[in-house]
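**Student:** Mind having a look at this structure? Questions to follow.
Number of protein chains: 2
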Amino acid sequence: MLPPARLAFAAALLLILQPPAPAVAARPIVAGKPAPSEAAATARWLAAQNTWGVLSTISSELSGAPFGNVVSYSDGVPGEGHGIPYFYLTTLDPTARDALEDERTSFTLSEFPLGTCGKIDPENPTCAKLTLTGELKMVDLQSSEADLAKSALFTKHPEMKDWPKNHHFQIFKLEIENIFLIDWFGGPKPIDPSEYLEYGRNQGPLRSS
Amino acid sequence: MLPPARLAFAAALLLILQPPAPAVAARPIVAGKPAPSEAAATARWLAAQNTWGVLSTISSELSGAPFGNVVSYSDGVPGEGHGIPYFYLTTLDPTARDALEDERTSFTLSEFPLGTCGKIDPENPTCAKLTLTGELKMVDLQSSEADLAKSALFTKHPEMKDWPKNHHFQIFKLEIENIFLIDWFGGPKPIDPSEYLEYGRNQGPLRSS
């Protein structure tokens, strides 16, 4: 039984000593997990490394209750994430229907499925968690943004391009207004959406795996 | 001594007359993924096998937007899940604060992190996903339910018992009102919460994982 201070130390030691485990789907903007003090970098790393998360909407069918749904996403082709999550959704599913009625949405990611938390509990603050809150918008399929989003999605999720045409999948994106990141002790780290989106823009080519 | 036919009849009568097992009765869940046609079994399997998910609340800080947060949970000690997810939350975190203002909550789980989806995409309907919607309630720490919940949580998440006392972690549970399960093509499977909670209750000893 460890007191909190020792627990923190043990967690820190684990993070330092543990070699980066291979991610479930390794597509980092930087190869390893950024330091806890690098909040924007950590948030972007989580967005680039994960391939699925939970999209929460205000349910039109359940009288306004929050409704979380498992979805795949991509923020860019592997090694070139831009931070904006794109989704491929059909109105056969309640999430897209909800967003068309009320755009307020959050998208939640965990470091845990990447394998880099080791034996640290998923709820432990050193196992990073990210919630992006904003508005879920449909992307015009004729736009150049839609081409980029399709490329980002279909590269990370190859089977999507063969999903049934008559299900009328559409591209959606989350316009981020608020960022909630926990990656260490001491509460959530405030990150301005513009800081998050601009991270890495002027750093030259980023390493990709 | 009763003749065999009467003995069988008496046994059957006993089974019929037996009062419903308390919610805390051990109902181990089968080790492997149930068939797609077994909706309640699949939902209970997802709840028993996962150790973390996303809890979505109505955010009091973000003007009523849905807010999904990564949390650990347990529905029972390993091999004896009961289907009700218990959480260990602190009001230092927005999720618990939100629930105390507005109990409407959903809890979302994916089959993907269990590793049983193989190369199937996390959004593919055959990679099962479960959303339990209802009300998030604080459990009285003096109740016998709290003792069971603590045992369920601390067995699956051993570090929880050493989490800082001054963070005032409390036990919460989701009182389930609606179940959304996708585990195959053809849309969500309707499951009545009572069917979900009663699953396995009268099936005798089941294999545990």
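Heads up: the sequence lines are chains A and B, in that order.
The numbering of the first sequence is UniProt numbering, which starts it at 1 and goes up by one.
The numbering of the second sequence is UniProt numbering, which starts it at 1 and goes up by one.
Yeah, the Cβ is synthetic: ideal placement off N, Cα and C, and Gly gets one too.
From the DSSP output, in three-state form, read off Gln-49/A for me.
**Tutor:** helix
**Student:** Got a sec: which bits of the stretch 58–80 of chain B sit with their beta carbon under 7 Å from any beta carbon on chain A, in order along the chain?
**Tutor:** Ile-58, Leu-62, Ala-65, Pro-66, Phe-67, Gly-68, Asn-69, Val-70, Val-71 and Ser-72
**Student:** Nearest chain B C-beta to Thr-42/A closer than 8 Å, yes or no?
**Tutor:** no
**Student:** Distance, Cα to Cα, Leu-97/A vs Ala-128/A?
**Tutor:** Looking at the sequence provided, one finds Arg at residue 97/A rather than Leu. If I take the Cα positions, the gap works out to 30 Å.
**Student:** So, is Asp-183/B buried or exposed, given that buried needs 16 or more other C-beta atoms within 10 angstroms?
**Tutor:** buried
**Student:** Which residues bound the alpha helix (DSSP H) around Ser-144/B?
**Tutor:** 144–156
**Student:** With DSSP as the reference, label Leu-62/A as helix, strand or coil.
**Tutor:** coil
**Student:** Name, in chain order, the residues that DSSP records as bridge partners for Pro-190/B.
**Tutor:** Phe-180/B
**Student:** How long is the line joining the alpha carbons of Pro-125/A and Ser-106/B, rounded to whole angstroms?
**Tutor:** Taken atom to atom, the span from the alpha-carbon of Pro-125/A to that of Ser-106/B is near 22 Å.
**Student:** Please confirm whether Arg-174/B and Leu-141/B have their CB atoms less than 8 Å apart.
**Tutor:** The question names Arg, yet the displayed sequence has Leu at residue 174/B. Here Leu-174/B is not near Leu-141/B, since their CB atoms are 8 Å or more apart.
**Student:** Could you give the residue range of the alpha helix (DSSP H) that holds Thr-95/A?
**Tutor:** 94–101
**Student:** Looking at the strands, I want to know which residues DSSP matches up with Tyr-86/B.
**Tutor:** Ser-74/B and Lys-173/B
**Student:** Check whether the Cβ of Lys-129/B lies closer than 8 Å to any Cβ atom in chain A.
**Tutor:** yes
**Student:** Starting from the Cα of Ser-63/B, find the closest Cα among Gly-134/A, Glu-145/A, Asp-192/A and His-157/A and give me that residue.
**Tutor:** Gly-134/A
**Student:** If you run the structure through DSSP and keep just helix, strand and coil, what is Ala-21/B?
**Tutor:** Any reading at Ala-21/B must be qualified, since the residue scores a pLDDT of 34, below 50, and its modelled position is unreliable; the value itself is stated next. If DSSP states are grouped into helix, strand and coil, Ala-21/B belongs with coil.
**Student:** So, helix, strand or coil for Lys-161/B, using DSSP?
**Tutor:** helix
**Student:** In terms of DSSP beta bridges, what is Phe-112/A paired with?
**Tutor:** Answer by DSSP bridge pairing: none, since Phe-112/A is not bridged.
**Student:** Roughly how many angstroms lie between the CA atoms of Glu-195/A and Ile-84/B, to the nearest whole one?
**Tutor:** 40 Å
**Student:** Thinking C-alpha only, which one of Ser-60/B, Leu-109/B and Thr-116/B is nearest Leu-100/B?
**Tutor:** Ser-60/B
**Student:** In chain A, what lies closer than 8 Å to Phe-112/B by C-beta?
**Tutor:** Residues of chain A passing the Cβ test: Trp-52, Val-70 and Pro-113.
**Student:** From the DSSP output, in three-state form, read off Glu-195/B for me.
**Tutor:** Shown here, Glu-195/B sits in a helix according to DSSP, grouped into three states.
**Student:** What are the boundary residues of the beta strand (DSSP E) that Lys-137/A is part of?
**Tutor:** Lys-137/A -> beta strand (DSSP E) spans 129–138.
**Student:** So the candidates are Thr-90/A, Ala-65/A, Lys-189/A and Arg-44/A; which of them puts its Cα closest to the Cα of Asp-75/A?
**Tutor:** It is Arg-44/A.
**Student:** Cβ closer than 8 Å: which chain A residues qualify as neighbours of His-157/B?
**Tutor:** Asp-121 and Glu-123
**Student:** Please identify the residue among Glu-159/B, Ile-176/B, Leu-89/B and Pro-190/B whose C-alpha is closest to the C-alpha of His-167/B.
**Tutor:** Leu-89/B
**Student:** With a 10 Å radius around its C-beta and 16 neighbouring C-beta atoms as the bar for buried, classify Gly-200/B as buried or exposed.
**Tutor:** buried
**Student:** If we cut at 8 Å on Cβ distances, does Thr-105/B have a partner in chain A?
**Tutor:** Yes, its Cβ sits closer than 8 Å to a Cβ of chain A.
**Student:** Report all residues from its chain with a CB closer than 8 Å to the CB of Pro-164/A; omit the five preceding and five following residues, and keep chain order.
**Tutor:** none
**Student:** Using the three-state DSSP reduction, which class does Asn-69/A fall into: helix, strand or coil?
**Tutor:** strand
**Student:** Take Lys-161/B and list the residues in its own chain whose beta-carbon comes closer than 7 Å to its own, dropping the five residues that flank it on each side.
**Tutor:** Cβ within range, chain order: Phe-154.
**Student:** Report yes or no: is there a C-beta of chain A within less than 8 Å of the C-beta of Gly-83/B?
**Tutor:** Judged by the 8 Å Cβ criterion, Gly-83/B is not in contact with chain A.
**Student:** Apply the 10 Å Cβ neighbour rule to Ser-37/A and answer buried if 16 or more other Cβ atoms are within range, or exposed otherwise.
**Tutor:** exposed
**Student:** Can you give me the Cβ contacts of Ile-16/B inside the same chain, cut-off strictly under 7 Å, excluding the 5 residues immediately before and after it?
**Tutor:** Since pLDDT at Ile-16/B reaches only 36, below the 50 mark, its modelled position is unreliable, and the value read off the structure follows with that caveat. Hits under 7 Å: none found.
**Student:** Ala-149/A to Tyr-86/A, Cα distance in whole Å?
**Tutor:** 6 Å
**Student:** Quick check: the Cα distance between Arg-104/B and Ala-35/A, rounded to an integer number of angstroms?
**Tutor:** 35 Å
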